[in-house]
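Worksheet: one structure, shown below.
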Amino acid sequence: MSKRGKSFGMKNTAYLLGYVRRHVPALFYTNILTGILWGYLNVASSVLVIQVVFNMIGEGRSFADVCGFLLLMSMILLPVLGVIYYCEKRLWPVLKLKLGKTLHTELFQKARKMDLRCYDDAGFYTDFIWTVQEAEDHVYAAVWNMGSVLLHVLACIGVIGIMIKIDPILLVITAASMAFQFLFRMLKSRMEFLRERRLMPLVKKYEYINRVFYMPDYAKELRMSRIDRLLTEEFDGCISEMDTVYRRLQLRMSILEIGEQVCNVFLTNMLLIFVLAYKILIAGSVSIGDLSVSIAAVGKLNSMYSGLLTALSQSAQSGMFAEKLQTFLSAQPRITSPQNAAALPAASSDIEFCNVSFRYDGSDTWVLRHINLKIKAQTRAAIVGYNGAGKSTLVKLLMRLYDPTEGEILLNGRNIKEYDVEEYRRSFGTLFQDFQIYAASLGENVKMGLVEAEDETAIREALRTAGIAENFSGLSVPLLREYDKNGRLVSGGEAQKIAMARAFLKNPHTYILDEPSSALDPISEYNLNRTLFELSKGRTVIFISHRLSTTRMAERIYMMEQGRLIEEGTHEELLEKGGRYAEMFEKQAEKYRQSFAS
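The sequence shown finishes on residue 1457 if you use this note's numbering, and the numbering steps up by one all the way, no holes.
Here it is as structure tokens:
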């Protein structure tokens, strides 16, 4: 087997089993217990009982003796069956929930700590989605298959012992059939895994198009345009590509399936019947009693071996998945905190970009190039420019969501890499351009888990400052309708104000606001500017915007274009200079003059 083939072997399966044993030991050990009990039950109930009953008949024992033996076996086997069903029907569903909680908590925490660059890697992101969606089922399947393998191995051993006693030739024929079936099943399992790998990007596209047609976010544009035509064409193309993947592998999988069935039907059934018929009719070496036991034993062995192949095949698939899970859980972020992190400044401090350049992994295109700027403490600064100028990327670097490719960023004269990354990020009040509203209460959407105290007064004050408090009856109002039919839907402007309230609640020494008024009407924008002007006393406020009506209140303005800093100064200085800022301001002012004139 190739090196890649070995990757889905015992080592990976053992990793999954070890995970279950560490986190939910009861699930691990009860699977071993039920596997042993099921193996004993299968051999005892379907082969040993038949053998003993026919032996008793051959010895001339009475019908009452046979009934007594069957009653005794029932009294022994029924409690065993009760233990098995208690584990499978009562205990395991609860333990599976515990396993899912533990696993997803670890995956969620790992996802939160991974660098933002991981989402830029399509391969990593696809594997990440697959891992999160399939992890619980595959990890649970690994431990369930362990019990299943144990069950079928023990049952096979028991039946083999009986067959050797009756006639070893029967065992040789059955073993040959089993070996070929095992080969075909393993090859088929690998083909199924390869098919899933090839289908994953297509499934991702398939699910995206499905979401577009049922999510409310897209409902208006679907009705006001004909984008549905493009999406339907893309959907049809996706189905065609999926069909191609199935067709390419289906012939080989069908051949393997036929080969497995030929071994089962002709070697296990036809050839065995031929041998038994010969021994009874020609050689006369097998009695009717032995014949009955032989047929029962061969049937049970065939059934148990088929079950064993299924369990091994599923274990192999879980083992292949384990590689993805291990890779994700063992991945380490590049952006980390130093061992002896410096203490963060207690008050607002100077922020400085020193010859900072940035480009994404695997790209030759510079998003930012040779940025040098200094924002003094307790000042209002604006970073402006047209879309694509690199303004939001600058914020991501300042927040250490990415690290610069070249140069360094200083806070209070220290490289920001010297601070604890979690504490550093929490020290800012940040509003991103692509903020999100969550399916939770209004209060939870503002608090965001960053403020420990259950201080409703502070949350209400943050909402009041953002100009949104009067729109809601209380902090417990649920937002969105993902899983609450009474959830409150919010407008774009309301959502932006809620996001602003998050920043206000933190009461930081530095605010970083990326397009803070993009969804606001002119009156709300004016009120927000007045609020920010009041809040800026004793704090640093950094605006990122292409709407210059917001940036006029800034004490220092930085104009960016194509990833470079091209102008800086006050509003008046930049207008007098007559450069790109003045041109941008004049275009926006002209638009407002035309609106008022009409």
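Don't be surprised by glycine CBs; every beta carbon is placed ideally from N, CA and C.
- Going by beta carbons, Gly1422 and Gly1249 fall inside the 8 Å limit.
- Bounds of any alpha helix (DSSP H) do not take in Phe1294, whose DSSP letter is neither H nor E.
- Linking Ala1441 to Thr1224 through their CA atoms gives a straight-line distance of about 28 Å.
- The criterion of a C-beta distance shorter than 8 Å is not satisfied by Val1031 and Val879.
- With respect to the C-alpha of Val991, the residue from Asn1274, Glu1341, Glu1211 and Gln1185 having the closest C-alpha is Gln1185.
- By the Cβ-count criterion, Cys1122 is buried, with 16 or more other Cβ atoms from all chains shown falling within 10 Å of its own Cβ.
- The beta carbon of Ile1023 is closer than 8 Å to those of Leu1030 in its chain, skipping five residues each way along the sequence.
- It is roughly 20 Å from the alpha-carbon of Val1104 to the alpha-carbon of Arg1044.
- Cβ neighbours of Lys1255 within its own chain (closer than 8 Å, five residues either side excluded): Leu975 and Tyr1261.
- Bridge pairing for Ile1318: absent [DSSP].
- Following the DSSP letters along the chain, one finds Leu1424 in no alpha helix (DSSP H) but inside the beta strand (DSSP E) bounded by residues Arg1423 to Gly1428.
- The C-beta separation of Cys1097 from Lys1047 comes to about 26 Å, leaving the pair out of contact by the 8 Å criterion.
- Annotated three-state conformation of Tyr1417 is strand, per DSSP.
- The beta carbons of Cys1213 and Asn1231 sit closer together than 8 Å.
- When the Cα atoms are used, Glu1445 and Gln1355 turn out to be separated by approximately 27 Å.
- Two segments are said to touch when three or more pairs of C-beta atoms, one from each, lie closer than 8 Å; by this definition the segment 1281-1288 does not touch the segment 1323-1331.
- Asn1388 carries a helical assignment under DSSP once its states are collapsed to helix, strand and coil.
- With 16 or more other Cβ atoms from the protein chains shown falling within 10 Å of its own Cβ, Glu1374 counts as buried.
- Linking Asp986 to Met1112 through their CA atoms gives a straight-line distance of about 25 Å.
- Residue environment: Ala1202 is assigned as exposed (fewer than 16 neighbouring CB atoms within 10 Å of its CB, all protein chains considered).
- In the displayed model, Pro1337 falls within a strand according to three-state DSSP.
- Separation of the CB atoms of Arg1439 and Glu1420 is rounded to 6 Å, and the pair is thereby assigned contact status at 8 Å.
- Nearest neighbour of Gly1352 by Cα position, chosen from Thr1091, Arg1389, Ser1383 and Leu1257, turns out to be Ser1383.
- Note on Asn890: 16 or more other CB atoms within 10 angstroms of its CB, so buried under the neighbour-count rule.
- For Ala1190, the closest of Ala1236, Met973 and Trp989 by C-alpha to C-alpha distance is Met973.
- In chain order, Ser905, Val906 and Ile909 place their CB closer than 7 Å to the CB of Ala1155, counting only its own chain and leaving out the 5 sequence neighbours on each side.
- C-alpha of Leu1009 to C-alpha of Glu1277: approximately 53 Å in a straight line.
- Of the other Cβ atoms in all chains shown, fewer than 16 fall within 10 Å of the Cβ of Val942; this residue is therefore exposed.
- Taken through DSSP and simplified to helix, strand or coil, Lys1306 comes out as helix.
- In the assembly as shown, Ile1086 is an exposed residue. Its beta-carbon has fewer than 16 other beta-carbons within 10 Å.
- The Cβ-Cβ distance between Ala1240 and Ser1207 does not fall below 8 Å.
- Tyr1164 places its beta carbon less than 8 Å from that of Met1037.
- In this structure, the alpha-carbon of Leu1394 lies about 21 Å from that of Asn1304.
- The C-beta separation of His882 from Thr961 comes to about 5 Å, placing the pair in contact by the 8 Å criterion.
- Using a C-beta cut-off of 8 Å, the segment 950-958 makes no contact with the segment 894-904, since fewer than three inter-stretch Cβ pairs fall below that distance.
- Distances from the alpha-carbon of Ala1362 to those of Leu1115, Leu886 and Gly1308 put Gly1308 closest.
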